[in-house]
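Engineer: 865 is the number of the first residue of the sequence shown in the working numbering; add one for each residue after it.
Glycine residues also receive a C-beta, built at the ideal position from the N, C-alpha and C atoms.
The structure displayed is predicted, hence computed values, not measured ones.
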Amino acid sequence: MGFEERLSRHLAKRREKGLYRELPSYRLYGDNRIINLAGNDYLGLSRHPAIKEACARAARDRGAGNCASRLISGNHPDYQRLEEKLSQWLNREVLVFGSGFLANVGVLSCIAGRHDVFFADKLVHRSIIEGMKLSGARIERFSHNDMDDLKRLLERKRGQADNAFIVTEGLFSMTGSVPPWQEIVHLKKAFDCHLYVDEAHSIGVWGPDGKGLAAAAGCLDEIDIFLGTFGKGWGNYGSFLAATSLLKDYLVNFAPSLIYSTALPPSVLAGIQASWDVITSKEGEKRREKLRENIEYFCEKYKGRSLKRRGNCQIQALMAEDIKTMLKAHAYLKEAGYITAAIRPPTVPPGMAMIRLSLHAEISKKQMSELTEVLNMVDTD
Ligand SMILES: Cc1ncc(COP(=O)(O)O)c(C=O)c1O
865 MGFEERLSRH LAKRREKGLY RELPSYRLYG DNRIINLAGN DYLGLSRHPA
915 IKEACARAAR DRGAGNCASR LISGNHPDYQ RLEEKLSQWL NREVLVFGSG
965 FLANVGVLSC IAGRHDVFFA DKLVHRSIIE GMKLSGARIE RFSHNDMDDL
1015 KRLLERKRGQ ADNAFIVTEG LFSMTGSVPP WQEIVHLKKA FDCHLYVDEA
1065 HSIGVWGPDG KGLAAAAGCL DEIDIFLGTF GKGWGNYGSF LAATSLLKDY
1115 LVNFAPSLIY STALPPSVLA GIQASWDVIT SKEGEKRREK LRENIEYFCE
1165 KYKGRSLKRR GNCQIQALMA EDIKTMLKAH AYLKEAGYIT AAIRPPTVPP
1215 GMAMIRLSLH AEISKKQMSE LTEVLNMVDT D
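#1: Buried or exposed for ASP1026, going by 16 or more other Cβ atoms inside 10 Å?
#2: From what residue to what residue does the beta strand (DSSP E) around LYS1172 run?
#3: Quick check: the Cα distance between CYS1177 and GLU869, rounded to an integer number of angstroms?
#4: Rounded to the nearest angstrom, what separates SER937 and THR1126 at their Cα positions?
#5: Could you name each continuous alpha helix (DSSP H) segment of 4 residues or more that falls completely within the stretch 1064-1139, going from the start of the chain to the end?
#6: Tell me the rounded alpha-carbon separation between TYR1114 and LYS1146.
#7: From MET1216 to LEU1091, what distance separates their C-alpha atoms?
#8: Is it the case that the stretch 920-939 contacts the stretch 1120-1135, given that we only count it when at least three CB pairs across the two stretches are under 8 Å?
#9: Pull up the distance between the alpha-carbon of GLU1004 and that of PRO1210, whole angstroms please.
#10: Report yes if the CB atom of GLY1097 is closer than 7 Å to the CB atom of LEU907, and no otherwise.
#11: Considering only the beta carbon of each residue, do GLY964 and ALA1181 sit closer than 7 Å?
#12: Tell me whether GLY964 counts as near ligand 1, meaning its Cβ is closer than 6 Å to at least one heavy atom of that ligand.
#13: Identify the continuous alpha helix (DSSP H) that holds ASP925 and give its terminal residues.
#14: Is THR1211 near ligand 1, going by C-beta to nearest heavy atom under 6 Å?
#15: Exposed or buried, what is TYR884 when buried is set at 16 or more other beta-carbons lying within 10 Å of its beta-carbon?
#16: Let's test the definition: count the other Cβ atoms within 10 Å of the Cβ of GLY1099 and tell me whether it reaches 16, buried, or not, exposed.
#17: Nearest by alpha-carbon distance to HIS1058: which of ARG990, SER1007, LEU1111, GLY1201 is it?
#18: Mind checking MET1038: buried by the 16 CB within 10 Å criterion, or exposed?
#19: What does DSSP give as the partner residues of LEU1155 in its beta bridges?
#20: How is the alpha helix (DSSP H) around MET996 delimited, first residue to last?
#21: According to DSSP, what are the bridge partners of GLN1180?
#22: Thinking just about the alpha-carbon of each residue, which of LEU1155, GLY1071, LEU972, LEU1133 is nearest to the one in GLY1095?
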């Protein structure tokens, strides 16, 4: 089969199954009637005046780009300042990467090899899956947040590998669920595994000082390899890995997405610093508090019968019976002025279809009340 014919056939198959994707053409900002519930700007920091000003000033003073890998000439002193700050904050060594996707792929692909094994939750993010695959290590998947299933797998498979890693997320990006921290830490210790946690959606947003959900559960010190992103709750772009100084040293030498990729621009590094200043200040606490209020309100007032609500954090999954029903609800919400995410396979496993709502701190009480009213009227029959 020719190249173009193959591409067209794959696309046609996706269309047939209702899984075809297109880049959306919504006008996200500038129209006050539209509320964006599809992004991950949970604290509203992407439009924070001081953060925007820090980005603009850095671009004016230090240029638009760093224009080389960190290992060549792109390692601007701003990196050192930022990593030192984050390192003191989390009490371990920190290495800043490009996007969270780049970090997961780069780190997971080089920390394990064919004699090792990953035990990963069935709902972990695609970047984690790609990184694990590239490593050549064995991959075992356990049912979502099911510690009995994980234990069964560990009993059967742990002994066959040199090093083992349990891989999960601090706040699952699609279902808004949280892992059972104490049990996962117990299994990690009982089976001599390393614990890898992706806190992309909770860093800055939950926990003491915004340190994430593992910190909120008192388990931060039990995480061996901790990933956070700056493109969600921090309103910016980029990510970081927090671990031992040995692992940091190793990654500087072996993580391909760090070594062979252009460093972050000065504006982004300055923006991340400014986001950290807000997140760790009284204002950050206030924004987290407002987000919590919106979540509590939503959980209490949502009474929709067609879509079943899941999640107790800012990510609310409204589960539909099938893709058609979900798309109908999605179109209805769009018509009513709400941008939401229509989630279906392959983003989630086959058989799942849902509307993903991200609540954020900048939704007023009145808007929350209108939103729940509209959602309670969704009728997919
Ligand atoms: C859990 C998780 N990890 C990593 C990523 C990738 O992060 P980034 O968007 O910074 O590439 C995402 C993105 O949605 C995510 O949900």
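Structural biologist: The short version:
#1: exposed
#2: 1172-1174
#3: 44 Å
#4: 10 Å
#5: 1077-1080, 1109-1118, 1120-1123
#6: 36 Å
#7: 27 Å
#8: yes
#9: 19 Å
#10: yes
#11: no
#12: yes
#13: 913-926
#14: no
#15: exposed
#16: buried
#17: LEU1111
#18: buried
#19: Note: LEU1155 sits in no beta bridge, so no partner.
#20: 990-999
#21: LEU1221
#22: LEU1133
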